[in-house]
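Inspection log for the structure reproduced underneath, given as structure tokens.
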Amino acid sequence: MQKKYECVNLSIDGDVATVQLNRPEKRNCLSPTLHRNMVDALNEVARAKCKVMVVTGTGDSFSAGMDLEQCFFEPFDDPDKFNDVNAPCFEWFTHLKSFPAVTVAKVNGWAFGGGFEIAGICDIVIAAEESVWGLSEINFGIFPGGGATWSYAHNMLRKQALFYALTGATFTGKEAVALGMANIAVPLKDLDAEVDKWVKNLASKGRTVLRKTKEVYEKSLRLTFAESMEWEMAKMWELSRETKDDWIRTALASFKKREFKPGLQSYTLTKNV
Ligand code: ACO
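Every letter in the sequence shown is one number past the one before it in the working numbering, and letter 52, counting from 1, is 60.
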């Protein structure tokens, strides 16, 4: 399924959705229309129950952040308009953070401010080595807001986080890996193939176990060890029930017959769980 919104392209191919920010002439900066399109596109992907959603940009940019003119400068003097224009942004950023599918940011180029934030919110980031990242807010007199501080602070170590937030200095996709902002960086020419490889890996797993792995990870960060242990086991039995005990009935039954080595590969799904 392919859908073209005014500023976003959406494609859904079985278990995998790809969402492209599509304002290349404006370096995919996030306009009010693009925000509204993203609200709709993410709802569509969630409804389709995809396992993986790739977020990327068209042209040479991932995203140059908020549209500084349409989101900030133009509505600034009318607080109601300012809030109306920016509310969809908070809506889809929040949805992205708790998204049921695994979210993969494919950072193909510029990633500033809100664009940097999107990558930071996603579960996995695969970047072009040549991509350029920056918390440029300080360069025009504000600090990273609207979740951007949360996003960099939850990925980078303190010294690095503050260095980039305070100086507005840029770093490359290659450096993003050491800084904790990306999992993998490859030359731009290899980016599609690298993303496809990991998307295929993820899509070979069960939908329910992917979703619950994310949920349990996020929740466990806020619990003590003892609380987390209890929570993990409760969710484990929930998973077992929701997947009709597939981990025992199919996966471990297959292991017992020495059909696969779980340390090195995934079991073959026989049910759509
Ligand atoms: N908001 C509004 N317009 C933008 C933005 C933006 N964030 N980013 C780029 N554009 C526009 C440019 O003004 C230009 O418009 P024009 O053709 O009408 O003149 C067009 O997109 C192309 O941009 P260029 O600057 O010509 O492209 P170039 O490739 O030379 O530079 C770069 C790309 C480095 C990304 C530059 O556009 C830039 O610095 N953009 C702003 C980045 C930024 O600081 N974003 C805000 C982050 S903070 C936040 O999100 C809250």
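Even glycine gets a Cβ: it sits at the ideal position worked out from N, Cα and C.
Review point. Quick one: any contact between the region 55–75 and the region 30–39, if contact means 3 or more CB pairs under 8 Å?
Key: yes
Check your understanding: Counting pairs of beta carbons, one from the region 223–243 and one from the region 110–123, are three or more of them closer than 8 Å?
Key -> no
Exercise for review: Enumerate in chain order the residues of its own chain whose CB-to-CB distance from residue 207 is below 8 Å, with the five nearest sequence positions on each side excluded.
Suggested key: 24, 60, 62 and 112
Review point. Excluding sequence positions up to five away, which residues of its chain have a Cβ less than 6 Å from the Cβ of residue 210?
Key: 60 and 110
Practice item. Compute every distance between the C-beta of residue 139 and the non-hydrogen atoms of ligand 1, then say whether any falls below 7 Å. Key: no
Check your understanding: Do the region 232–250 and the region 118–134 touch if we need at least three Cβ pairs shorter than 8 Å?
Key -> Here the region 232–250 does not lie against the region 118–134, with fewer than 3 beta-carbon pairs under 8 Å apart.
Practice item. Could you check if residue 139 is buried or exposed, using at least 16 other CB atoms within 10 Å of its CB as the buried criterion? Key: buried
Review point. What is the DSSP secondary structure of residue 142, reduced to helix, strand or coil?
Key: strand
Practice item. Grab me the residues of residue 188's own chain with a C-beta within less than 8 Å of its C-beta, minus the 5 sequence neighbours each way, in chain order. Key: 163, 164, 165 and 168
Check your understanding: Using 8 Å as the threshold, is the region 138–155 in touch with the region 239–256, meaning 3 or more CB pairs across them?
Key -> No, they do not touch.
Practice item. Could you tell me whether the region 249–267 touches the region 214–223, using the rule of 3 or more Cβ pairs below 8 Å? Key: yes
Check your understanding: Any heavy atom of ligand 1 closer than 7 Å to the CB of residue 228?
Key -> no
**Study point:** residue 267 versus residue 277 - alpha carbon distance
**Key:** 13 Å
Point to revise | Given residue 144 as reference, the closest of 262, 157, 17 and 134 once Cα atoms are compared | key: Here the closest residue by C-alpha is 157.
Check your understanding: According to the Cβ coordinates, are residue 130 and residue 43 closer than 8 Å?
Key -> no
Practice item. Just grab the DSSP bridge partners of residue 12 for me. Key: Per DSSP, 17.
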